[in-house]
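Residue numbers (my numbering): 13 to 431.
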């Protein structure tokens, strides 16, 4: 039996949105635990909070549990079934519709249910286009999205007895997809992750967007996996694919394929932000894999540079905690070769959540004065009062230096957060 991992971060988000008059839309990559979150964790919470079982109505459209009621993927059959279960009492009925994209025209049913005073609606779906890009249109401005990720490192460590360093090696190799907990050997884990790519993710993108050139789509996924943490754009990627992978593809197609992979929640793009100029650079972005294990599997585990993987994990952790994340650029005038020039320094992450803001550098090692100076140089060029943090791969005790920059060990950050 799989261990019950509570996923408190997402449960809290659902609790905070409970009965808010909006459709709760649970998004994220396939197999990341969306159904478990609603059908088990949230359901258990509701029961413990006193909601009677007949007031929790769950329909999973990829299962055959409701066969006696007819084909529930038929919109009219589904509507009749749901309305027959909803009573006229004042107590709230919680309706959970899992894999709702299987129902053609589901929007009308969902919006109708949401308009009832005694109904609170929660849905998941794998067609990320209508569950992310068009939420406001489809749900008439009453769609509230909760993004779910694979297990964080802290969740991954739940109930485990191995040392943190051993768990970290396993996590940065295989990632946090919940289905890995069923796989007992390294071979099974590798096979599981690679099957997810070929039989689930790529098939889904090809079918949904009618992609004609599956090989080019897979090559772009490879390129994104290889370049995590590196600035790129469709023109640059098309050139690399022509020269390195010998794949001829135009920048427009590259841009389309990248957007398909982003819409499927397989990659996330961070924009470049000029801190002193207060503007974004639209042409270049950094892409990060939603799960480092999926990233490694797509590359057949050939490129496991822990520095890049650590940066990817930090990015995902910040996104899981609700931060918007940009890549920072500090442009200053300095004297070079006897004349004044504009020089650009990069900050790995600008993490913002409401009034909270952090400048963060990911530094696997600070074992020399040169490396230390390189990591600090960009932070010291920023003259505002927001907190500046260096996350170090070594297991160090947290401290703040004389310039106000905080140094935090990677494990402390992943297990405890920012303070």
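Glycine included, each C-beta is placed from N, C-alpha and C at the ideal position.
Proximity below 9 Å, CB of residue i to CB of residue j
i, j, result
"residue 364", "residue 395", "no"
"residue 130", "residue 95", "no"
"residue 82", "residue 71", "no"
"residue 306", "residue 183", "no"
"residue 284", "residue 341", "yes"
"residue 126", "residue 33", "yes"
"residue 322", "residue 405", "yes"
"residue 149", "residue 116", "no"
"residue 241", "residue 161", "no"
"residue 389", "residue 371", "no"
"residue 111", "residue 73", "yes"
"residue 357", "residue 383", "no"
CA nearest to the CA of residue i, picked from the options
i, options, result
"residue 369", "225, 52 and 397", "397"
"residue 301", "218, 188 and 259", "188"
"residue 60", "133, 329, 360 and 27", "27"
"residue 157", "211, 30, 224 and 20", "30"
"residue 330", "358, 319, 235 and 373", "373"
"residue 325", "231, 165, 385 and 377", "165"
"residue 327", "154, 366, 218 and 422", "422"
"residue 209", "221, 226 and 196", "226"
"residue 47", "64, 343, 134 and 247", "134"
"residue 299", "64, 235, 123 and 420", "235"
"residue 427", "163, 152 and 99", "163"
"residue 296", "286, 303 and 304", "286"
"residue 66", "91, 25, 108 and 43", "108"
Distance between beta carbons of residue j and residue i, contact taken as under 8 Å
i, j, result
"residue 333", "residue 429", "7 Å"
"residue 315", "residue 267", "That pair is no contact at about 24 Å."
"residue 136", "residue 50", "6 Å"
"residue 281", "residue 275", "Not really, about 11 Å apart at Cβ, beyond 8 Å."
"residue 154", "residue 259", "Their Cβ separation, rounded to whole angstroms, is 43 Å, which puts residue 154 and residue 259 out of contact at 8 Å."
"residue 424", "residue 410", "6 Å"
"residue 147", "residue 261", "In fact, because the Cβ distance is near 31 Å, the residues do not count as touching under 8 Å."
is_contact[residue i, chain D] using C-beta, thresh 9 Å
i, result
"residue 94", "In the structure shown, chain D does not exist; there is a single protein chain."
Please determine if the segment 304-311 and the segment 245-256 are in contact, where contact requires at least 3 C-beta pairs separated by less than 8 Å.
-> no
Are the segment 52-62 and the segment 158-175 touching by the rule of at least three beta carbon pairs closer than 8 Å?
-> no
Inside the segment 166-226 only - alpha helix (DSSP H) runs reaching at least 4 residues | As far as the segment 166-226 is concerned, its whole alpha helix (DSSP H) runs of at least 4 residues are 176-186, 198-207 and 214-221.
Entirely enclosed alpha helix (DSSP H) segments - the segment 18-82, minimum 4 residues = 20-29 and 55-60
Fully enclosed by the segment 381-413, which alpha helix (DSSP H) runs are 4 residues long or longer?
-> 381-392
Please list the segments of the alpha helix (DSSP H) lying wholly inside the segment 221-297, counting only runs of 4 or more residues, in order along the chain.
-> 226-238, 246-255 and 263-275
Could you pull out every unbroken beta strand (DSSP E) segment of at least 3 residues lying fully inside the segment 79-136, listed in chain order?
-> 105-110 and 131-136
Counting pairs of beta carbons, one from the segment 194-202 and one from the segment 258-265, are three or more of them closer than 8 Å?
-> no
Length at least 3, wholly inside the segment 295-373: the beta strand (DSSP E) runs in chain order = 336-348 and 351-365
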